[in-house]
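Down below is the structure, laid out as structure tokens.
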Amino acid sequence: MTTKITEQDETRASLYWWFASLFSQELTAEQLKQYRASPLGQGRALLNALAEQKEFNDAANAVITALDNLVKLPHPELELAADFSQLLLTDLKTGAPPYASLYLDQKGLLFQQPHDDMQALLQDQGLRITPDFNEPADHLAIQLDYLGNLILQTSTQDPQAQHQFIQRHLLNWLPQWVTRSRQVRRNGFYPALAQLLLQFIEQDSQQPQPVAAHI
Amino acid sequence: MTISRRSFLKGIAATSAAGLIGPSLLQQAVAAASESPGQWQVSGSHWGAFRARVYAGKVQEIKPFEADSYPTEMLKGIKGIIYSPSRIRYPMVRYDWFLKRHQSDTKQRGDNRFIRVTWDQAIDMFYQELERVQTQYGPWALHTGQTGWRQTGQVHSCGNHMERAIAMHGYSVKKVGDYSTGAGQTIMPYVLGSTEVYAQGTSWPLILKHSKTIVLWGSDLVKNLQVGWNCETHEAYEYLEQLKEKVAKKQIRVISVDPVRTKTQKYLNCEQQYVNPQTDVPFMLGIAHTLYSEKLHDENFLKTYALGFEDFIPYVMGKSKDKVEKTPEWAESICGIAADDIREFARLLAKQRTQIIFGWCVQRQQHGEQPYWMGAVIAAMLGQIGLPGGGISYAHHYSSIGVPSTGAAGPGGFPRNPDNPDDRIHKNNDFKGYSSTIPVARWVDAIIEPGKKINANGATITLPDLKMMVFSGCNPWHHHQDRNRMKQAFQKLETVVSVDFTWTATCRFADIVLPACTQWERNDIDLYGSYSSRGIIAMHKLVDPLFQSKTDFDIFTLLAKRFGKDKAYTQGKGEMEWVKQLYDECAQANKGKFEMPDFATFWQQGWVDFGKGENWTRQADFREDPEINALGTPSGFIEIFSRKIDRYGYDDCQGHPMWFEKAERSHGGPGSDKHPIWLQSCHPDKRLHSQMCDSEAFRATYTVQGREPLYMNPKDAAQRGIKDGDLVRVFNQRGQLLAGAVVSDDYAPGVARLQEGAWYGPESEAIGALDTYGDPNTLTMDIGTSQLAQATSANTCLVEIEKYQGDAPAVTAFGGPVEIS
Amino acid sequence: MKNTVRRFWQIVSKPSVHLSFGFLTMGGFIAGIIFWGGFNTALEATNTEEFCIGCHEMHDNVYVELQETIHWQNRSGVRATCPDCHVPHNWTDKIARKMQASKEVWGAIFGTIDTREKFLAKRGELAQHEWDRLTANNSLECKNCHNYDSMDFNMMSERARVQMKMAAERDQSCIDCHKGIAHHLPENMNSGDGMLAKLEAMATSGYQVGQAYYSVRQLPMFTDSTLTTEAGQLNAATKVTILDVKGDAIQIEIDAWRKTKGFGRVLFEDFAMNINDGYLTKEVAQSDQYMQQGESKEDDLTGLPWQKVAVTLWLRNGSLTDSRDRLWQFAKTTYDTSCSVCHTQPAEAHFDTNTWPGMFNGMLSFVNLDGDTQALVLKYLQKHSSDFADGAH
Amino acid sequence: MQENTPTSRAQEWKAFLFIAVVLFPLLSIILVGGYGFAIWFLQMLMGPPGHG
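Residue numbers (the working numbering), protein chains in the order written: chain A, -6 to 208; chain U, 87 to 907; chain R, 20 to 412; chain C, 30 to 81.
Here you go:
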């Protein structure tokens, strides 16, 4: 069965994947160049485009400011990698690990119910996490990656499925995670990006006509 | 669902931006066969054996092993270890160290700025640092000896792996002794001829049968027998249950000599003899005075089995240099026990069969050698050493000691030493005049004052100038004393490597952090029942290593490969081959005594039981024939006076046990005017040292406002306006911490307890920063017990406590529940 | 008959009348050649595997066992047959060995080992003969093929390299370590690689009177050569001088010190050093018959009186070695492996001689060592303690 | 007595054959065997052959 995929959906999916990529792997020096203002990189162009939307104006500009501050430092890609580690790879003491279980489960452990739910979902769809990315299924990037695929799969046919997924698996913990990430010391880019993601998802799930249509 | 990666954002820009999206994180899976609801697999731990139901790649449930009749509730914390948010997930390198290597700004240690690296990068850096230190300095600059309570399992014993791999590369500074029993294990060989602290004790059935009085001297059996060095059986609890009955029926009188009402005292419902903290020796001298003046001591025993009583007794009777007679009245003024009560106590000991059981806490204080030695003198005066249910023991609270041992051989271990000790990459064994072995607790001294000469156990130690340290499964940022001094010391180290499965404070203060997996993510084999040698248990891998973690075996094989010794390291054998080999060797050693099935059967069945052991009396052979079964002392007899120690000429540990005033002592002692409360940091009730502190839900069962509980007396609390459940600041000249008050009558006035092993969570990396969780070693003193043992003096510590005012900082020790202020 | 012999003598004692000088010489020469050829052929025939396994005793026991080993089948297809190892290649020794075989003929006829049970019961004795022989000729038959000079140590595993290099340096006898390489070990040694077997394997045989040897393990001592009345126990790695060998018994002298508090039953290697050499029964310790008493002095560190003694007692022949280094090597390996299971084992020189017993006793709980090995390792540690090491610490 | 009885050709032949085929081989074997035994007994006293 082939579904006709709208351009908007393709854009939405791509945006989710873009977020997934940013939250799953540090940016290399080469990739970081894409986010410089001059010469204008593709990433920067995207951020600029997002900043022009009034819904994302503040958040996108915060990301841009963080980037501008960052590139002034002697080793921007390493600073960014350290930020990434501190926020996403250490523990709740120093950072804000991107696992739904930590924010939803009473026990405060990894691999709890949200993980099992995601795992079941993936299994139903005949999917699994690539072995290179040995992370629990409730990792933010995996959820976003899945969402991108869900959008393309269901596209206009069943927007309800996307909506449900966003509500049940993402919006139930993202606000907490974003708040937590803002408290992390010496970190600019990723908390701003987290905020941007949250706003994007909130908009995306509110509007029957997906927001990306405006971009 | 099919996975797609379409071109990006066609709508917004003409440029192609495919480079912004990384590879897909999902892929098509082969339809998995539907799994059964999971199998119950056998595994083990320090907390006991258990069965785990594993389903969908996850440990779902844990239940105690059916053969363990007295399982500890700590098993509830196991899942919290595996799925702890504090797990180290990737190899990490501290940011500034990543940039500048050994020339990094070490003041930044502990600031939590790390860079994720690949395993290859991490191992390369580890190896390059070892190379650099060996070539630039030499073996004296590398310290690898510090070890802790490894996860159980004989193949993956983490210290063995680390030490073997590094020894194949070159020599390094080693340690002697340990943090638990440093003073005891050094003094007792002079007195009773064995370390005593790690020796089998008289079997419980004999004690139950023959003892009329049991003295628990600072020993909390019920608390401490929950954990064991190997996989625990908890068989001792059966005997404690019987003891409880006998106490109720007044067949045995049990007296707990302790400033605190212990868990054991409450369980047995037995008597307590309160004693002021750190004043056990004056109490015992008072007892000795009574025994001698009332002629209650066994002269025959002393003449046949002991030496030096005549050199000791003048000290008691006021005929030695100090001219002070150690009368019960003299003792009363120090130890807080009425003179008549001391006399009564002495008469009780001499009246009938008395078993004295010491714990380890009294030797973890300044001059910790003295109470142990003095205890042996009292026991010798009573003349019951070597009789069933009489004499003295120093370890009945430890690892099933006292449970009759089967005598079966347990599995050996992965070799700690290189097979060929001379075949190392760096053969330089020149320590440049520094000592190649140092007392375990003196490494911080070495970093701070390299080249300093200290006395230790009759030798002179020159503290080496350490530049690099490697820790594996070892958390000195919990077990060493005086955090702020440690921070100062760590700034002088060039490189610190830590291998662990969880973000301990040691990892936070390290430069290279390597993620090991937990013991339940690998296959292994262990002895079941520690000293009782009850059986062998198969430790089945429950789940694959989480994230990027690896077994210690794999980590150090990778390291050995960097210098071409991986084959020699593994002997060409893999994990399961090692497990099988240890089993087969064990079966061979037990041949003819205990029949063991072939390996496949054992592995499938999960364990081999050797049955109940035989009763045994400590030192009975010595009592029977002191000539042939001589003790391991210089003379072969009990040495009440040690000429050997006397010759060392130490002022803080002389020829016979003596009372020495402490650097800090409560109840009117030095320093008590400023910081009046004695802080004891005993072994925790609901952890194994610092292990399991990171187990979130389980920790929540005992914390107070998310902090480690501080136990204190109601009067002390009232004086300071503290109520049960309040947040308190505990402080002294060395540091400060936050804890949650638990106000209880169990603690005498002037006595407070913070259990050791509470994770260190400073507000910042700065020296003096407030510890937000309650690690007692933020406050303890980092001095040696004496020039003899140079051991830990953690229990010599005075503090003041106040109600915490204002907004409390969040707990930073673990990945705990999010606290948003 | 008598006449025939006399007649024969008359004939051979005189010059030949009818037969020519040349014929007789030639005839004798040819007969000699034929005889010698026949003799050698026969000798060689008894030197083949077919001949050896002609008896079912050999065929069903040792031959079957050989087939499990590398000397039967290996990568390169070179194999050893019975005589390669068991018959000396040197002519004289070979002939002597052939004559010894008369015992085997006897055994074959009278069925000394004609059942598996009988063979197993006798295996220890039989093996000992071969070990003695190989010990004495320094494993000559092994070395006919295996030559230390031709060994490439680099191709050996690390463990083998260390051991082999050491052995090569001393041109050590192969059988010292490789007992049981081609046939099963005797039952009592077959606690497999049991420690005791390893210790026993280090014993040499053929003791020389007047020479000093060391006990490989703890050994019972007796008052006289009948080995009936026990006199005490000799500790492992204890130096003894052989005074006499009487069949199964050897008379030894131990030079030692003892503390005179109590009965003075325990012997120590040196003054004021608690290095145990063994102990005596109360009767022996108290009797002058078995010992010569020497000087007495007091040990300052304990205040105990010590006395020098030379004790003369009897041992069962065996279990002595001429090289204490070999025992130390074994003890060191045992210490390094067994004692490091729980923690880093302290260096030998970390403690002094009299501290080691106390430290060692405290470590034994989790170590799988039998009494003999414990005693040996302790003695090793004491003899390598700070008292004997240079610049310890 | 037959002391001076001259020997016949046949007798000489017989004697020769006896010596060459029976007596001397037998003696040789006894000699070698005896040597072997002697060495063996010597070994029992002096220990097994050493190495040169």
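Using N, Cα and C, we set each Cβ at its ideal position, and we do this for glycine too.
Might you give, ordered along the chain, the residues of its own chain that have their beta carbon closer than 6 Å to the beta carbon of residue 209 of chain R, omitting 5 neighbours on each side? For this step, residue 209 of chain R is matched to residue 190 along the third sequence. Because the pLDDT of residue 209 of chain R is 43, which lies under 50, any placement of that residue in the model is unreliable, and the number read from its coordinates should be weighed accordingly. Counting only residues of its own chain and dropping the five nearest sequence neighbours on each side, residue 209 of chain R has no CB closer than 6 Å to any other CB.
For residue 334 of chain U, which residues of its own chain have a beta-carbon under 8 Å away from its beta-carbon, when the five flanking residues on both sides are left out? The residue given as residue 334 of chain U occupies position 248 in the second sequence. Here the set comprises 355.
DSSP three-state label for residue 340 of chain U, please. Taking the first residue of the second sequence as position 1, residue 340 of chain U is located at position 254. Strand at residue 340 of chain U.
Using the three-state DSSP reduction, which class does residue 588 of chain U fall into: helix, strand or coil? What you label residue 588 of chain U is simply residue 502 of the second sequence in a count that begins at 1. In the three-state scheme derived from DSSP, where H, G and I count as helix and E and B as strand, residue 588 of chain U is classed as strand.
Interface residues of chain C facing residue 138 of chain R [CB-CB closer than 9 Å]: The residue given as residue 138 of chain R occupies position 119 in the third sequence. Simply none; closest approach about 23 Å.
Given residue 839 of chain U, which residues of its chain have a CB within under 7 Å of its CB, disregarding the five upstream and five downstream residues? What you label residue 839 of chain U is simply residue 753 of the second sequence in a count that begins at 1. The beta carbon of residue 839 of chain U lies closer than 7 Å to those of 346, 766, 768, 797, 833 in the same chain, with the five residues before and after it left out.
Report back the beta-carbon spacing between residue 120 of chain A and residue 91 of chain A to the nearest angstrom; my notes put them in contact at under 8 Å. Here residue 120 of chain A refers to the residue found at position 127 when the first sequence is read from its first residue. Here residue 91 of chain A refers to the residue found at position 98 when the first sequence is read from its first residue. The beta carbons of residue 120 of chain A and residue 91 of chain A sit about 19 Å from each other, so the pair does not count as a contact at 8 Å.
Give me the Cα-Cα distance between residue 219 of chain U and residue 252 of chain U, rounded to the nearest whole angstrom. By 1-based counting over the second sequence, the position of residue 219 of chain U is 133. By 1-based counting over the second sequence, the position of residue 252 of chain U is 166. Roughly 12 Å separates the two Cα atoms.
Helix, strand or coil, according to DSSP, for residue 276 of chain U in the structure here? Position 190 of the second sequence, counted from the first residue, corresponds to residue 276 of chain U. Helix.
Length at least 3, wholly inside the segment 398 to 477 of chain U: the beta strand (DSSP E) runs in chain order: If we require 3 residues or more, the beta strand (DSSP E) runs fully inside the segment 398 to 477 of chain U come out as 440 to 444.
Coil, strand or helix - residue 254 of chain U by DSSP: As a position in the second sequence, residue 254 of chain U is number 168, starting the count at 1. In the structure shown, residue 254 of chain U sits in a helix (DSSP, three-state: H, G or I).
Local conformation of residue 672 of chain U per DSSP, three classes: Position 586 of the second sequence, counting from 1, holds the residue named residue 672 of chain U. Residue state, collapsed to three classes: helix.
Does any residue of chain C have a CB that is nearer than 8 Å to the CB of residue 327 of chain R? The residue labelled residue 327 of chain R in the question sits at position 308 within the third sequence. It does not: the Cβ of residue 327 of chain R has no partner Cβ on chain C nearer than 8 Å.
So who's on the other strand from residue 96 of chain A, going by DSSP bridges? As a position in the first sequence, residue 96 of chain A is number 103, starting the count at 1. Beta-bridge partners assigned by DSSP to residue 96 of chain A: none are found.
Residue-chain proximity (residue 59 of chain C, chain R), Cβ-Cβ < 8 Å: Taking the fourth sequence and counting its residues from 1, the one referred to as residue 59 of chain C is at position 30. No, residue 59 of chain C lies away from the interface with chain R (no Cβ there is under 8 Å from its Cβ).
In three-state DSSP terms, what is residue 13 of chain A? Position 20 of the first sequence holds residue 13 of chain A. In the three-state reduction of the DSSP assignment, residue 13 of chain A falls in the helix class, which pools H, G and I.
Going by beta-carbon coordinates alone, are residue 410 of chain U and residue 726 of chain U separated by less than 8 Å? In the second sequence, the residue the question calls residue 410 of chain U occupies position 324. In the second sequence, the residue the question calls residue 726 of chain U occupies position 640. Taking C-beta atoms as the reference points, residue 410 of chain U and residue 726 of chain U fail to come closer than 8 Å.
Interface partners of residue 284 of chain R on chain U, CB under 7 Å: Taking the third sequence and counting its residues from 1, one reaches residue 284 of chain R at position 265. The answer, in chain order, is 713, 714.
Secondary structure of residue 322 of chain U, DSSP reduced to three states: For the purposes of this step, residue 322 of chain U is taken as residue 236 along the second sequence, with counting starting at 1. Helix, per DSSP.
Residues of its chain near residue 304 of chain R, where Cβ-Cβ distance is below 6 Å and the 5 sequence neighbours each way are ignored: Taking the first residue of the third sequence as position 1, residue 304 of chain R is located at position 285. The residues 282, 283, 284, in chain order, have a CB closer than 6 Å to that of residue 304 of chain R in the same chain once the five nearest residues on each side in sequence are set aside.
Check whether the Cβ of residue 284 of chain A lies closer than 8 Å to any Cβ atom in chain U. The question about residue 284 of chain A has no answer here: the residues shown for chain A are numbered -6 through 208.
Measure how close the beta-carbons of residue 475 of chain U and residue 297 of chain U come, nearest whole angstrom, since I'm counting them as under 8 Å. Translated into positions along the second sequence, residue 475 of chain U becomes position 389. Translated into positions along the second sequence, residue 297 of chain U becomes position 211. With a contact defined as Cβ atoms closer than 8 Å, residue 475 of chain U and residue 297 of chain U qualify at about 4 Å.
Which same chain residues end up closer than 8 Å to residue 497 of chain U when comparing Cβ atoms and leaving out the 5 residues on each side of it in sequence? For the purposes of this step, residue 497 of chain U is identified with residue 411 of the second sequence, where counting begins at 1. Cβ within range, chain order: 240, 611, 612, 613, 622, 668, 669, 671, 672.
Find the residues of chain C that neighbour residue 38 of chain R, judging by a C-beta separation of less than 8 Å, and give them in chain order. The residue you call residue 38 of chain R lines up with position 19 of the third sequence. Neighbourhood of residue 38 of chain R in chain C, by CB distance below 8 Å: 38, 41, 42, 45, in chain order.
What did DSSP end up calling residue 39 of chain C once you bin it into helix, strand or coil? The count along the fourth sequence starts at 1 and reaches residue 39 of chain C at position 10. Residue 39 of chain C falls in the helix class under three-state DSSP.
Restricting to runs no shorter than 3 residues, where is the beta strand (DSSP E) found entirely within the segment 517 to 548 of chain U? With a minimum length of 3 residues, the unbroken runs of beta strand (DSSP E) contained wholly in the segment 517 to 548 of chain U fall at 523 to 525, 539 to 542, 545 to 548.
Using the Cα positions of residue 406 of chain U and residue 731 of chain U, report the straight-line distance between them to the nearest angstrom. Against the second sequence, residue 406 of chain U aligns to sequence position 320. Against the second sequence, residue 731 of chain U aligns to sequence position 645. Taking the straight line joining both Cα atoms gives about 18 Å.
Less than 6 Å between C-beta atoms, sequence neighbours within five positions excluded: which residues of the same chain meet that for residue 533 of chain U? For the purposes of this step, residue 533 of chain U is identified with residue 447 of the second sequence, where counting begins at 1. Cβ neighbours of residue 533 of chain U beyond the five flanking positions: 552, 575, 578.
Which whole-angstrom value is the C-beta distance of residue 880 of chain U and residue 567 of chain U, which I expect to be below 8 Å? Against the second sequence, residue 880 of chain U aligns to sequence position 794. Against the second sequence, residue 567 of chain U aligns to sequence position 481. Yes, they are in contact, since the Cβ atoms of residue 880 of chain U and residue 567 of chain U sit about 6 Å apart, within 8 Å.
Under 8 Å by Cβ, that's how I've got residue 380 of chain R and residue 718 of chain U pegged, so tell me the actual separation to the nearest angstrom. On the third sequence, residue 380 of chain R is found 361 positions in, with the first residue counted as 1. On the second sequence, residue 718 of chain U is found 632 positions in, with the first residue counted as 1. That belief holds up - the Cβ atoms of residue 380 of chain R and residue 718 of chain U are roughly 5 Å apart, short of 8 Å.
Tell me, please, whether the CB atom of residue 201 of chain U is closer than 8 Å to any CB atom in chain A? Here the question's residue 201 of chain U lines up with position 115 in the second sequence. Taking CB atoms only, residue 201 of chain U has a neighbour in chain A less than 8 Å away.
What did DSSP end up calling residue 164 of chain R once you bin it into helix, strand or coil? Looking up residue 164 of chain R in the third sequence gives position 145. Coil, per DSSP.
Closest Cα partner of residue 371 of chain U within the set U:331, U:340, U:425: Counted from its first residue, the second sequence places residue 371 of chain U at position 285. Nearest to residue 371 of chain U by C-alpha distance, out of U:331, U:340, U:425, is U:425.
Across the segment 294 to 311 of chain U and the segment 258 to 265 of chain U, are there enough close Cβ pairs to call them in contact, namely three or more that are closer than 8 Å? Contact between the segment 294 to 311 of chain U and the segment 258 to 265 of chain U is absent: fewer than 3 CB-CB pairs across the two stretches fall below 8 Å.
Residues of chain R with CB closer than 8 Å to the CB of residue 51 of chain C, please, in chain order. For the purposes of this step, residue 51 of chain C is taken as residue 22 along the fourth sequence, with counting starting at 1. Residue 51 of chain C does not reach chain R, its nearest Cβ partner there being about 10 Å away, counting only Cβ pairs nearer than 8 Å.
To the nearest angstrom, how far is the alpha carbon of residue 193 of chain A from that of residue 113 of chain U? If you number the first sequence from 1, residue 193 of chain A lands on position 200. If you number the second sequence from 1, residue 113 of chain U lands on position 27. C-alpha separation (whole angstroms): 26 Å.
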